[in-house]
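Numbering (this note's numbering), first residue to last: 1 to 145.
Beta carbons are placed, not taken as given, at the ideal position from N, Cα and C, and that holds for glycine.
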């Protein structure tokens with residue numbers, strides 16, 4: 001009876017250990033693979049070592065790519081800042097050029113107005129001069145008579 005109770009006890013203990021079930025399952029699969037000559041423990045360890053090396057190389061590659069991307073992003077940000085500064089300078093030059101153009105247009109307009117005034121004054125002076133000449137000519141024959 002004691003052996004019977006111990007058997008039930010060990011059976012129940014084996015069923016209530018879910019954390020050992022996957023280990024036992026993988027051991028069973030491994031033992032079957034070894035039994036049929038498909039895999040050997042050395043081959044399995046070698047494959048796992050190659051897989052670990054591959055993962056390490058992938059990690060190094062990704063780490064390098066990340067650092068390169070970070071550097072590229074930094075350079076792009078610096079280039080953007082320079083471009084924005086250049087754009088601000090161009091805008092300032094454009095604004096100052098427009099102001100200068102406006103100032104020159106006003107000066108040209110004032111010059112045109114001055115030229116028109118001077119032309120009118122010249123015409124008035126010429127008209128006055130002609131009238132004086134006419135008056136002189138009209139007085140001159142009277143004096144001769």
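Cα-Cα separation, residue 51 to residue 43
12 Å
With 7 Å set as the bound, which would you pick, yes or no: does the beta-carbon of residue 134 sit closer than that to a beta-carbon of chain D?
Considering every chain present, this structure includes no chain D. It has just one protein chain.
How many Å lie between residue 105 and residue 120 at the Cα?
22 Å
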